[in-house]
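Residue numbers (our numbering), protein chains in the order written: chain A, -1 to 422; chain B, 15 to 243. Ideal Cβ placement from N, Cα and C applies to all residues, glycine included.
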């Protein structure tokens, strides 16, 4: 029987998790599971599992079980930690879909539990390494072990999620890395501090203080929730502005999306960081927002524009920058939008900048935008010019012809490579 | 408990106190600021498309907030009212450029008038697509609805007190500001007085008129000439 890639990965990971569970149980018996401290830490871990934060529009979910699991692994037994994390993941996997009126397959639930079990196993391995480094030290050993556990668990979890998302839904690994970076260094430090605190309380048998750690958990959760809201709001602003433009000029629908995707690819190929490339993508979505202030009769005119009409259209790059300027998060892209019609030979608009003065991001948008305008969209409404759309080779030849005068040669080269790669 | 344990607990306690302050005061203010920035971008886009609307938005927002406060709206309602006042005309971007910029409203044909009159519905539909602004769609959709217009063909269309209170305030304020620009303050006030109870919600009209004769628009005396060209 032929299985799809997700099923194959799930079965492989479940097998690996089962093996690591057996090794863990043999090496570290579950004796400590009868202690009251185990019940308390397990209860706190399960409670925290039900206080998640959805961190991005791709559904990255952060829970706060790890500090309790780490404390359990260090102060009780790694098997207890594995058992608890596995159980908490399974319980959450069963109850969440019910609360959200969704259905989740048993395979996904088992896969999540397997990822949790493998995370704990990797955490235990890291903890043993951390513990061996601290041998002979009279103090600080539990803290170092807890931090090592968290590092091992966190890295393994991220790598597995990246791999599963990549194989099952084709999500590029860099998207998961960007989502993880969203958490921010300060949140990671606070998260680690929480684990250290729980470990100290558990190690010194100060059980009464452990429930108090829900206060920083709540505060951290609220902080991340606000961060998620701001992130979401940012994308909603981008969507709402592009929606306004699409209402004013329906042909832009599709054009903006295509330009955005290609612009990000070209940015990455030119060596820009993934974060900067993502920003170029968003700037590409908004680069024509100023056209909202341009008459559609002129923009859609099926004939060559006269000088006065051209001047009316040329206002759009200044107006685009003017619209985006009030939003602090757009500040970096405001000059990119303003200068996306500048030319290396200094004949562009609005400021007639020369090659070195034009931001590389504007040069990328200029090339991708021109290519899409030349080739036109699939829909008749998206054929923007009064000329017939060019074929892809013709459009690339035109870009190369204008390379050095209208377009940056390096950007044209990178764009050609992206297009040829997509075509092959 | 050794020194390292105590240090961990002290740092954790301090960090928790800082985090509590950060999430209680700093982050809500920052999120609010981001909202305001985005709303400014939206209204800038509309004002650039239709320069004749320039400056109206600020006056509508100021008077709406003042009227809302006078009517005893809760702070959350005032915030929604402010956001709806800024976003109410977002649907204007689907109105042809030359209709608003090329002709005076009195020259519009019936079909052109109908196109223009659809903008609250378009604004509402657009806001429905943005999750964090979806709750404002109802306010914006009805911000030009007459108070006493019952639609016998469509019982789902609200009227009188079934209209959102924020829509009723926006209705009276936007029409006052528009008439004030073209006819002057006295005639605009008279028109509001005459329409109270039929075109406008009586309570909202009374609140606006009271605001206009008092000094509650953020200035010692309302500057009624501010938005007149």
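Contacting residues, own chain, Cβ-Cβ under 8 Å from residue i (five flanking each side not counted)
{"i": "residue 122 of chain B", "result": "113, 130"}
{"i": "residue 224 of chain A", "result": "none"}
{"i": "residue 347 of chain A", "result": "312, 315, 339, 340"}
{"i": "residue 266 of chain A", "result": "272, 275"}
{"i": "residue 94 of chain B", "result": "149, 150, 153, 180"}
{"i": "residue 293 of chain A", "result": "310"}
{"i": "residue 405 of chain A", "result": "341, 342, 361, 364, 365, 368, 397"}
Within chain A, the residues that residue i reaches when beta carbons sit closer than 9 Å
{"i": "residue 45 of chain B", "result": "224, 227, 228, 231"}
{"i": "residue 203 of chain B", "result": "Ordered by position in chain A, no residue passes the 9 Å Cβ test against residue 203 of chain B, which lies about 33 Å from the chain."}
{"i": "residue 197 of chain B", "result": "The premise fails here: residue 197 of chain B is roughly 28 Å from chain A at the closest Cβ pair, so nothing lies under 9 Å."}
{"i": "residue 154 of chain B", "result": "Within 9 Å Cβ-Cβ: nothing; residue 154 of chain B doesn't reach chain A, min ~13 Å."}
{"i": "residue 75 of chain B", "result": "The contacting residues do not exist; residue 75 of chain B stays about 15 Å from chain A at best."}
Proximal chain A residues relative to residue i, where beta-carbon distance stays under 8 Å
{"i": "residue 140 of chain B", "result": "238, 241, 242, 245"}
Closer than 8 Å to chain A by CB, residue i
{"i": "residue 161 of chain B", "result": "no"}
{"i": "residue 96 of chain B", "result": "no"}
{"i": "residue 128 of chain B", "result": "no"}
{"i": "residue 15 of chain B", "result": "yes"}
{"i": "residue 93 of chain B", "result": "no"}
{"i": "residue 36 of chain B", "result": "yes"}
{"i": "residue 104 of chain B", "result": "yes"}
{"i": "residue 146 of chain B", "result": "yes"}
{"i": "residue 193 of chain B", "result": "no"}
{"i": "residue 150 of chain B", "result": "no"}
{"i": "residue 19 of chain B", "result": "yes"}
Selection from the options that minimises the alpha carbon distance to residue i
{"i": "residue 252 of chain A", "options": "A:48, A:52, A:370, A:123", "result": "A:370"}
{"i": "residue 220 of chain B", "options": "B:192, B:198, B:197, B:186", "result": "B:186"}
{"i": "residue 182 of chain A", "options": "A:150, A:210, A:229", "result": "A:229"}
{"i": "residue 34 of chain A", "options": "A:204, A:119, A:128", "result": "A:204"}
{"i": "residue 188 of chain A", "options": "A:217, A:17, A:391", "result": "A:217"}
{"i": "residue 282 of chain A", "options": "A:267, A:308, A:349, A:362", "result": "A:362"}
{"i": "residue 228 of chain B", "options": "B:128, B:77, B:133, B:210", "result": "B:77"}
{"i": "residue 174 of chain B", "options": "B:143, B:211, B:142, B:144", "result": "B:211"}
{"i": "residue 135 of chain B", "options": "B:146, B:117, B:159", "result": "B:159"}
{"i": "residue 145 of chain B", "options": "A:120, A:237, A:31, A:199", "result": "A:237"}
{"i": "residue 33 of chain B", "options": "A:214, A:6, A:2, A:410", "result": "A:214"}
{"i": "residue 185 of chain A", "options": "A:400, A:62, A:80", "result": "A:62"}
Chain B contact for residue i (CB, 8 Å cutoff)
{"i": "residue 166 of chain A", "result": "no"}
{"i": "residue 182 of chain A", "result": "no"}
{"i": "residue 118 of chain A", "result": "no"}
{"i": "residue 64 of chain A", "result": "no"}
{"i": "residue 203 of chain A", "result": "no"}
{"i": "residue 277 of chain A", "result": "no"}
{"i": "residue 372 of chain A", "result": "no"}
Contacts that residue i makes with chain A (C-beta to C-beta distance below 7 Å)
{"i": "residue 107 of chain B", "result": "242, 245, 246, 290"}
{"i": "residue 143 of chain B", "result": "241"}
Contacts that residue i makes with chain B (C-beta to C-beta distance below 7 Å)
{"i": "residue 321 of chain A", "result": "55, 58, 59, 62"}
{"i": "residue 326 of chain A", "result": "51"}
{"i": "residue 195 of chain A", "result": "22, 23, 26"}
8 Å Cβ cut-off: residues of chain B touching residue i
{"i": "residue 287 of chain A", "result": "59"}
{"i": "residue 214 of chain A", "result": "26, 29, 30, 33"}
{"i": "residue 221 of chain A", "result": "33, 36, 37, 41"}
{"i": "residue 330 of chain A", "result": "Within chain B, no residue comes near residue 330 of chain A; the closest Cβ sits about 14 Å away, beyond 8 Å."}
{"i": "residue 35 of chain A", "result": "What residue 35 of chain A touches in chain B: nothing, since even the nearest Cβ is about 17 Å away."}
Boundaries (first-last residue) of the alpha helix (DSSP H) holding residue i
{"i": "residue 414 of chain A", "result": "407 to 421"}
{"i": "residue 237 of chain A", "result": "212 to 246"}
{"i": "residue 19 of chain B", "result": "17 to 35"}
{"i": "residue 148 of chain A", "result": "139 to 167"}
{"i": "residue 176 of chain B", "result": "Segment: none, residue 176 of chain B is in no alpha helix (DSSP H) and carries neither H nor E."}
Beta-carbon proximity list for residue i, same chain, < 6 Å, skipping 5 on both sides
{"i": "residue 113 of chain A", "result": "158"}
{"i": "residue 378 of chain A", "result": "Unreliable placement is indicated for residue 378 of chain A, whose pLDDT of 45 sits below 50; no coordinate value is reported for it."}
{"i": "residue 367 of chain A", "result": "257"}
{"i": "residue 287 of chain A", "result": "239, 243, 318, 321"}
{"i": "residue 11 of chain A", "result": "112"}
{"i": "residue 36 of chain A", "result": "30, 74, 78"}
{"i": "residue 109 of chain A", "result": "8"}
{"i": "residue 98 of chain B", "result": "150, 153, 154, 180"}
Other residues of its chain near residue i: CB distance less than 7 Å, five sequence neighbours each side excluded
{"i": "residue 149 of chain A", "result": "124"}
{"i": "residue 64 of chain B", "result": "106, 114, 115"}
{"i": "residue 84 of chain A", "result": "111, 114, 115"}
{"i": "residue 231 of chain B", "result": "Note that residue 231 of chain B scores a pLDDT of 49, beneath 50, so its modelled location is shaky and nothing firm can be said."}
{"i": "residue 126 of chain B", "result": "113"}
{"i": "residue 151 of chain A", "result": "64, 117, 118, 120, 121"}
Neighbouring residues, chain B, relative to residue i (Cβ below 9 Å)
{"i": "residue 294 of chain A", "result": "110, 111, 112"}
{"i": "residue 281 of chain A", "result": "Neighbours of residue 281 of chain A on chain B: none; closest Cβ ~14 Å, over 9 Å."}
Beta carbon proximity, residue i to chain E, threshold 8 Å
{"i": "residue 186 of chain B", "result": "No chain E appears in the structure shown, which is made up of the protein chains A and B."}
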